[in-house]
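Colleague: One line per chain: the protein sequences are R and U, in this order. Using the UniProt record's numbering, you'd call the opening residue of the first sequence number 1 and step up by one each time. Using the UniProt record's numbering, you'd call the opening residue of the second sequence number 1 and step up by one each time. Idealized CB from N, CA, C, for every residue including glycine. Here you go, one structure.
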Amino acid sequence: MSSLSERPQQAVVGLPLPHEGAALHVTGEALYTDDLVGRTRDVLHAWPVQSPHAHARITALRVDPAYDVPGVVRVLTGADVPGVNDAGVKHDEPLFPAEAMFHGHAICWVLGETLEAARLGAAAVKADYEPLPSLVGVREAIAAGNYQGTGRHLEHGDVDAALSGAAHVFHGEFEFAGQEHFYLETHVALAQVDEAGQIFVQSSTQHPSETQEIVAHVLGVASHAVTVQCLRMGGAFGGKEMQPHGFAAIAALGATLTGRPVRLRLNRTQDLTMSGKRHGFHSQWRAGFDNDGHLVALEATLTADGGWSLDLSEPVLARAMCHIDNAYWIPNLRVDGRIAKTNKTSQTAFRGFGGPQGMLVVEDLLGRCAPLLGYDAMELRRRNLYQPHHATPYGQPVRHADRLETCWSEVRRTGEIERRQAAIERFNASHPHAKRAVAMTPVKFGISFNLTAFNQAGALVHVYKDGSVLINHGGTEMGQGLHTKMLQVAATTLGVPLERVRLAPTRTDKVPNTSATAASSGADLNGAAIKNACEQIRARLAPVAAGPLGISPHDVRFVNGRVTGLYAGDDRLSWEDVVHTAYHQRVQLWAAGFYRTEGLHWDAAAMRGEPFKYFAYGVAAAEVEVDGFTGAYQLRRVDIVQDVGDSLSPLIDVGQIEGGFVQGAGWLTLEDLRWDESDGPNRGRLATQAASTYKLPSFSEMPEVFNVRLLEKAHEDGAVYGSKAVGEPPLMLAFSVREALRQAAAAFGPAGTSVDLPSPATPEAVYWALEQARSAGQLNELDLHGLRSPARLSGV
Amino acid sequence: MSTTIKVNGADLAIDGVPVHTTALDWLRDRGLTGAKEGCAEGECGACSILVARPGIDSPTEWTAVNACLLPVASLDGQEVVTAEGLGSSNALHPVQQELAVRGGSQCGFCTPGFVCSMAAEYYRPTRGAGACDHEHGPNGFDLHALSGNLCRCTGYRPIQDAAYALRDPEADDALAARRTAPPPPPATTRLAGAGAEFLRPAALDDVLEVLADRPEARIVAGSTDAGVEVNLRGVRAPLVVAVDRLAELREFSFGPDEVRIGAALTLSEIERLLAGRVPLLAQMFPQFASRLIRNGATIGGNLGTASPIGDTPPALLALDASVVLVSRRGERVVALADYFTGYRQTLKAPDELIRSVLVPLPLAPLTAFHKIAKRRFDDISSVAVGYGIDVVDGYVRQARIGLGGVAATPLRARATEEALTGKPWTECTVREAAAVMAAEGTPMDDHRASASYRSAMLGQSLLRFFAQHLEIEEVSA
């Protein structure tokens with residue numbers, strides 16, 4: 001067992017604690033960035049002027065009329081930018097564009113004494129546009145060959161030989177939708193300038209260091225002149241990894257030019273029409289199976305719909321390609337990946353970061369092929385699970401692959417799958433207008449940033465003379481419970497009660513050069529950095545205590561506020577006394593911690609290496625009931641077993657699993673992003689740009705029975721206190737819902753019906769799927785035979 | 001005239017506030033930042049607050065509403081409690097306690113809104129009397145109380161656990177005690193500034209006079225529609241007239257010949273006043289938006305706004321309802337089937353107000369309300385169908401079918417009604433009529449549904465109605 005993962009006696013990690021902010025959340029006392037506005041004097045409010053065209057050159061911009069609106073203070077345009085006019089790191093995202101690249105693109109911003117003044121000022125700005133041809137749908141971009149960034153190629157084995165030798169070969173095409181993050185708190189930044197010209201930006205950002213860098217380059221100042229703080233976020237889900245920077249830069253620019261605090265908060269419509277989303281993908285594939293249901297070869301082309309700028313599309317694509325295998329061993333694999341450039345919002349990180357899109361391709365094809373192969377889909381999936389001796393197509397050994405089988409059988413047993421399958425058969429036989437189905441899907445998700453450099457973290461831990469502890473780290477709190485876990489790690493490492501530790505908000509002047517709190521890595525990276533800082537302090541305190549205790553410094557233990565030796569009968573000192581003594585002996589009581597994940601290597605061009613520290617595993621079973629009249633459905637029961645290692649904080653982890661699962665189910669079944677792809681005047685407009693038209697899961701989508709279990713005896717040797725990441729992997733367990741819907745729709749037709757299901761599988765989509773199954777039932781035996789031939793399975 | 005609101009026990013003045021300021025923005029400007037703006041259209045519930053409203057089962061009921069939709073002026077003289085007023089981090093309210101310890105908050109942004117919606121249900125006088133099923137806890141907690149609150153983090157399970165763990169309020173609970181006295185009476189309000197004016201007249205005659213002089217006035221009751229226009233479309237009406245507290249618009253009577261429902265009664269109030277006596281409406285209420293919206297939205301407002309996708313019109317058309325229109329010129333009764341004249345256009349003259357809705361008795365024996373939407377709780381119809389069918393001796397004596405979502409107005413499915421009337425109530429008749437029904441209206445493609453799905457759903461709806469009727473027959477036989 002590594003020292004990083006070893007867990008001491010009476011550890012605070014592992015206790016099921018509520019969220020550290022819970023009492024503040026429930027009373028409304030918790031402050032979010034926009035709650036600070038009323039507590040700040042003389043704040044100006046920002047409002048964007050948004051393009052009404054999907055693609056247009058801005059031929060004239062007349063801002064003077066805005067100044068005639070009472071309360072308008074300043075209009076910000078590209079001419080005001082002292083530094084670099086770019087909101088990203090790729091220099092393809094002009095902050096003030098000369099060409100509007102999507103419907104809703106902000107071309108300038110108005111600052112007003114009130115939000116109303118700014119809004120009216122923005123309405124008064126006159127812009128002339130010369131509309132240009134636009135590409136809205138991903139297929140349009142493919143047809144036009146309009147791509148951006150670097151395409152990638154991943155190959156392993158001999159795909160051509162395997163396909164030509166395969167007993168069954170199927171091919172298909174599948175385009176599926178993206179997803180809006182719909183964090184309840186929209187993008188917001190509040191910027192101030194102090195007497196020395198230092199910029200202080202409070203931002204709802206997952207990546208304060210990058211927000212800092214972009215504010216600095218827009219303003220043309222050094223990073224040390226900009227401090228970014230994030231108190232907490234009202235949800236982020238990846239949507240605040242890259243996207244907050246430009247908004248923070250606008251606020252900072254306004255504050256610099258006016259000398260007054262500037263608040264920029266998007267309303268929901270602005271947020272939906274301006275900020276990036278999960279990438280929708282187009283995929284084309286060919287898959288070969290042997291006679292025993294083994295997937296022997298897969299060839300696929302993935303096209304990510306990147307939107308107007310590159311953003312994080314390249315790493316998202318890389319992760320999609322690395323996860324097209326999901327949890328299945330595919331000995332021969334060839335994947336080509338490319339990023340379409342379209343006139344839409346710049347698609348970005350979203351929980352899973354391409355992983356869900358890659359996996360959806362293989363889960364969809366398994367669901368479609370199983371009936372054609374004559375296999376129950378559940379059995380087909382189980383047959384193809386990775387085994388311990390396997391490696392991924394990019395060359396990483398699948399360590400602990402046996403946990404897939406363990407999770408699978410745990411779900412089968414605790415979920416009473418066999419009993420329920422029999423019950424479902426009886427139900428379906430006696431209900432002509434309703435059908436049920438249960439489906440099981442696995443997840444294997446690689447943990448670490450694909451880009452090796454991001455796998456580092458810092459922390460700052462202060463012990464004050466009275467023994468109280470203040471910790472600071474580079475991670476941000478977006479609801480995922482990172483701060484709760486970090487408090488538990490610090491209390492465990494220092495051996496003090498949890499109440500002795502306080503956590504200060506994330507700020508770039510405390511811990512510099514941080515990575516985004518993303519890729520499920522927050523607890524792994526920051527926890528290890530905090531542990532490192534605490535261990536430094538503990539190592540300095542041990543000699544202080546060793547003398548009075550009469551033992552060797554090596555034998556000093558810190559447990560729950562007491563400092564003692566190895567044995568129960570040893571003398572004890574209080575933590576406070578040791579700290580007090582240490583101060584008087586002039587021992588340094590604070591430390592900066594650092595952590596870098598060891599053992600990673602990745603050749604991005606060749607798509608080979610070991611980019612992940614480990615894999616997180618999970619299995620879900622979902623049962624649905626579909627109404628044959630409408631296609632409406634209900635999620636009756638979900639059983640999950642998830643491998644989170646030895647949990648740092650079980651209540652938090654179960655919350656992440658449940659929440660991730662429901663969010664994934666939302667993506668796959670309900671949430672329906674629709675852009676106007678017509679040639680009408682609203683081309684490129686997001687049609688679902690409000691909560692009334694873009695529907696998130698509500699209470700009615702919660703499974704009637706929802707059982708979540710953490711895999712037992714799951715110590716992870718390479719991670720802090722033996723734990724594993726949890727933020728993203730459970731989202732992808734929601735494939736079980738989609739596959740159950742497919743099977744329930746198929747149950748309206750004859751046995752062996754293969755059903756195509758669009759994504760999202762809305763009630764309408766399920767209705768057409770079950771109609772398709774019903775009409776298959778009206779075919780004669782010859783047709784049924786024809787349906788089983790490979791050639792029939794193409795297109796969506 | 002005092003223009004103050006009692007918030008968490010303290011009187012706060014609203015004089016000088018711009019007329020279109022929402023209650024949410026006003027509270028947040030006063031430093032009460034617990035309530036949040038998540039969507040600004042009453043869909044997410046992050047702005048939920050409690051208002052002391054006249055009750056049905058107790059003199060006052062703590063009613064949860066969306067603060068983002070209400071003009072703050074409409075709360076003049078009222079009592080409001082926010083999440084901050086329920087408890088503090090040192091002294092949590094039972095609702096806050098359960099949510100906190102059970103993992104009911106993750107990012108916490110939606111949480112104060114959940115707390116208020118949950119507290120309203122906690123204090124519902126008749127909670128505990130109902131059945132325990134999938135949507136009701138062992139403590140009687142009705143999950144529909146939370147249908148207007150969205151959480152993007154938790155997946156809802158811990159929030160449900162918290163709701164179902166609530167006990168009854170303690171004997172010394174001040175908010176529970178407050179229920180036993182009436183709420184403040186309606187204030188007569190006039191708030192003016194920056195070219196706009198908000199009026200809450202004391203009586204119907206005063207409103208009719210204003211309307212006669214200034215027919216362009218924007219009438220609001222629960223403001224669930226007008227609030228969206230203010231927030232999302234920047235509408236700033238020069239004159240807003242509130243009618244939701246007018247006694248003349250809040251009348252209710254049942255039988256013997258008709259049900260008379262005051263236009264300013266909220267959907268929540270009507271649901272409880274009817275208590276299941278109009279089964280078609282009883283089926284519709286839980287599907288009408290969310291509890292938060294139903295607590296504000298009125299039946300008059302739903303007909304006044306005349307949306308083709310409103311939920312009450314298909315139901316009321318099937319019930320053969322009429323509306324009573326009133327102006328200074330007098331009253332007239334208009335059949336709902338004639339009332340809608342075009343997209344968001346009606347027979348109502350600019351100086352007229354809907355006073356009440358009349359539902360004739362006896363009711364048709366076979367009724368149902370079908371709503372097709374993406375989401376079961378709180379969604380807008382792709383298609384809605386109301387049925388009122390009378391079968392005598394196995395033959396359809398009369399059929400009334402109201403449709404929503406398939407034309408520019410709500411409408412009666414006349415051809416389908418004709419295809420059923422006088423025919424035997426059999427699968428054969430229904431199949432033929434379903435084909436007719438699938439051709440009713442002129443449905444469109446939009447982001448909610450395709451035109452072909454809408455048409456298919458019309459036909460399927462009749463088949464489903466028949467199948468469900470058969471099931472009921474079999475169970476009762």
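Can you tell me where the beta strand (DSSP E) holding Ile261/U begins and where it ends?
Modeller: As a first step, residue 261/U is located in the second sequence; it is residue number 261 there, counting from the start. That run of the beta strand (DSSP E) goes 258-262.
Colleague: Anything in chain U within Cβ reach of Gly481/R, meaning under 8 Å, just list it in chain order.
Modeller: Position 481 of the first sequence, counting from 1, holds the residue named residue 481/R. Ordered by position in chain U, the residues that pass the 8 Å Cβ test against Gly481/R are Gln106.
Colleague: Look at Ser313/R and Phe247/R and say whether their C-beta atoms are less than 9 Å apart.
Modeller: Position 313 of the first sequence holds residue 313/R. Position 247 of the first sequence holds residue 247/R. No, the Cβ-Cβ distance between Ser313/R and Phe247/R is not below 9 Å.
Colleague: Output, in chain order, the set of chain R residues within a Cβ distance shorter than 9 Å of Gln283/U.
Modeller: Position 283 of the second sequence, counted from the start, is the residue given in the question as residue 283/U. Residues of chain R passing the Cβ test: none, with the nearest at roughly 15 Å.
Colleague: Beta carbons nearer than 9 Å to chain U: which residues of the stretch 25-54 of chain R have them?
Modeller: Residues passing the 9 Å Cβ filter: His25, Val26, Thr27, Gly28, Glu29, Ala30, Leu31, Tyr32, Asp34, Asp35, Leu36, Val37, Gly38, Arg39.
Colleague: Taking C-alpha atoms, which residue in Arg637/R, Asp653/R, Leu733/R lies nearest to Phe661/R?
Modeller: As a position in the first sequence, residue 661/R is number 661, starting the count at 1. Considering only alpha carbons, the answer is Leu733/R.
Colleague: By the criterion of Cβ-Cβ separation under 7 Å, what are the contact partners of residue 495/U in chain R?
Modeller: With chain U covering 1 to 477 only, the question about residue 495/U has no answer from this structure.
Colleague: Suppose the cutoff is 7 Å on Cβ atoms and the five residues either side in sequence are ignored; what does the same chain contact list for Pro18/R look like?
Modeller: Position 18 of the first sequence, counted from the first residue, corresponds to residue 18/R. Excluding sequence neighbours, Pro18/R sits near Leu651.
Colleague: By Cβ distance, which residues of its chain are closer than 6 Å to Arg738/R, with the 5 residues on each side in sequence left out?
Modeller: Here residue 738/R corresponds to residue number 738 of the first sequence, with the count starting at 1. Cβ neighbours of Arg738/R beyond the five flanking positions: Leu668, Ala761.
Colleague: Looking at C-alpha atoms only, which residue of Met478/R, Thr392/R, Thr303/R, Gly137/R is the closest neighbour of Arg608/R?
Modeller: In the first sequence, the residue the question calls residue 608/R occupies position 608. Of the listed residues, the one whose Cα sits closest to Arg608/R is Thr392/R.
Colleague: Could you please give the first and the last residue of the uninterrupted beta strand (DSSP E) stretch that includes Asp445/U?
Modeller: Here the question's residue 445/U lines up with position 445 in the second sequence. Unbroken run through Asp445/U: none, as it is neither H nor E.
Colleague: Can you pull out the residues from the stretch 632-661 of chain R whose beta carbon lies closer than 9 Å to at least one beta carbon of chain U?
Modeller: So the close ones are Ala632, Gln634, Leu651, Ile652, Val654, Gly655, Gln656, Ile657, Glu658, Gly659, Gly660, Phe661.
Colleague: With a threshold of 6 Å on Cβ separation, who are the neighbours of Val7/U within its own chain once the five nearest residues in sequence on each side are excluded?
Modeller: As a working mapping, residue 7/U is identified with position 7 in the second sequence. Only Val80 meet the Cβ criterion.
Colleague: Identify whether Asp654/R lies in helix, strand or coil by the three-state DSSP scheme.
Modeller: Numbered from its first residue, the first sequence carries residue 654/R at position 654. Going by the sequence as given, residue 654/R is Val instead of Asp. In this structure, Val654/R counts as helix in the three-state DSSP scheme.
Colleague: Should Asn90/U go down as buried or exposed, given a rule of 16 or more other Cβ atoms within 10 Å for buried?
Modeller: Sequence index remark: in the second sequence, residue 90/U carries index 90 (1-based). Classification of Asn90/U: exposed, given that the 10 Å Cβ count is below 16.
Colleague: Taking the beta strand (DSSP E) that Arg596/R belongs to, which residues open and close that run?
Modeller: Position 596 of the first sequence holds residue 596/R. That run of the beta strand (DSSP E) goes 590-596.
Colleague: So which residues on chain U does Lys695/R lean against when the C-beta distance must stay under 8 Å?
Modeller: The sequence position of residue 695/R within the first sequence is 695, counting from 1. By Cβ distance, chain U contributes Lys374, Arg375, Asp379.
Colleague: What residues of chain U sit near Leu670/R, judged by a beta carbon separation below 7 Å?
Modeller: Residue numbering aside, residue 670/R sits at position 670 when the first sequence is read from its first letter. Ordered by position in chain U, the residues that pass the 7 Å Cβ test against Leu670/R are Lys374, Arg375.
Colleague: Which residue from Thr114/R, Asn85/R, Trp109/R, Ala124/R puts its Cα closest to that of Asp68/R?
Modeller: For the purposes of this step, residue 68/R is taken as residue 68 along the first sequence, with counting starting at 1. The shortest Cα separation from Asp68/R among Thr114/R, Asn85/R, Trp109/R, Ala124/R belongs to Ala124/R.
Colleague: For Ile472/U, does the count of other Cβ atoms within 10 angstroms reach 16, so buried, or fall short, so exposed?
Modeller: Working through the second sequence from its first residue, we reach residue 472/U at position 472. So Ile472/U counts as exposed.
Colleague: According to DSSP, simplified to helix, strand and coil, what is Thr3/U?
Modeller: Position 3 of the second sequence, counting from 1, holds the residue named residue 3/U. Three-state result, Thr3/U: coil.
Colleague: Ala568/R and Pro729/R - do their beta-carbons sit closer together than 9 Å?
Modeller: Indexing the first sequence from 1 puts residue 729/R at position 729. Indexing the first sequence from 1 puts residue 568/R at position 568. No, these two residues do not count as a Cβ contact at 9 Å.
Colleague: Applying the 10 Å Cβ sphere with the 16-neighbour rule, what's the burial state of Ser51/R?
Modeller: Here residue 51/R is taken as the residue at index 51 of the first sequence, counted from 1. Buried, because 16 or more other Cβ atoms sit within 10 Å of the Cβ of Ser51/R.
Colleague: What would DSSP say about Ser307/U, mapped onto helix, strand or coil?
Modeller: Position 307 of the second sequence, counted from the first residue, corresponds to residue 307/U. Three-state result, Ser307/U: coil.
Colleague: Suppose only complete runs of 3+ residues qualify. What are the beta strand (DSSP E) ranges in the stretch 298-346 of chain R, listed by chain order?
Modeller: As far as the stretch 298-346 of chain R is concerned, its whole beta strand (DSSP E) runs of at least 3 residues are 332-340.
Colleague: Taking beta-carbon pairs under 9 Å, can you tell me which members of the stretch 23-48 of chain U lie near chain R?
Modeller: For the stretch 23-48 of chain U, which is checked against every Cβ of chain R, the residues closer than 9 Å are Asp25, Arg28, Asp29, Arg30, Gly31, Leu32, Thr33, Gly34, Ala35, Lys36, Glu37, Gly38, Cys39, Ala40, Glu41, Gly42, Glu43, Cys44, Ala46.
Colleague: What separation, rounded to the nearest whole angstrom, lies between the Cα atoms of Thr688/R and Asp676/R?
Modeller: In the first sequence, the residue the question calls residue 688/R occupies position 688. In the first sequence, the residue the question calls residue 676/R occupies position 676. Between Thr688/R and Asp676/R, the C-alpha separation is close to 10 Å.
Colleague: Report the start-end ranges of each beta strand (DSSP E) in the stretch 389-419 of chain U that is 3 residues or longer and not cut off at the edges.
Modeller: Qualifying beta strand (DSSP E) stretches, in chain order: 395-404.
Colleague: Can a CB atom of chain R be found closer than 9 Å to the CB of Ala237/U?
Modeller: One-based indexing of the second sequence puts residue 237/U at position 237. So no, Ala237/U is outside the interface.
Colleague: Taking Val101/U as the query, report the chain R residues whose CB atoms sit under 8 Å from its CB, ordered along the chain.
Modeller: Position 101 of the second sequence holds residue 101/U. Correct list: Pro18, Ala22.
Colleague: With a threshold of 9 Å between beta carbons, is Ala189/R in contact with chain U?
Modeller: The count along the first sequence starts at 1 and reaches residue 189/R at position 189. Ala189/R does not count as touching chain U.
Colleague: Just to make sure I have the definition right: I need the residues of chain R whose C-beta is within less than 8 Å of the C-beta of Gln160/U. Which are they?
Modeller: Numbered from its first residue, the second sequence carries residue 160/U at position 160. The contacting residues are Phe699, Met702.
Colleague: Does the stretch 302-316 of chain R touch the stretch 421-428 of chain R, meaning 3 or more C-beta pairs lie closer than 8 Å?
Modeller: Because the criterion of three Cβ pairs below 8 Å is not met, the stretch 421-428 of chain R and the stretch 302-316 of chain R do not touch.
Colleague: Could you tell me if Asn332/R is buried or exposed, where buried requires 16 or more neighbouring beta carbons within 10 angstroms of its beta carbon?
Modeller: Stepping through the first sequence from its first residue, residue 332/R is reached at position 332. It is buried - the Cβ of Asn332/R has at least 16 other Cβ atoms within 10 Å.
Colleague: Let me make sure I understand the geometry here. Which of Phe289/R, Glu180/R, Val511/R has the alpha-carbon closest to that of Ala166/R?
Modeller: The residue labelled residue 166/R in the question sits at position 166 within the first sequence. Ranking the options by Cα distance to Ala166/R, first place goes to Phe289/R.
Colleague: Which ranges does the beta strand (DSSP E) cover as unbroken runs of at least 3 residues, wholly within the stretch 243-288 of chain U, from first to last along the chain?
Modeller: Those beta strand (DSSP E) runs which fall completely within the stretch 243-288 of chain U and span 3+ residues are 252-254, 258-262.
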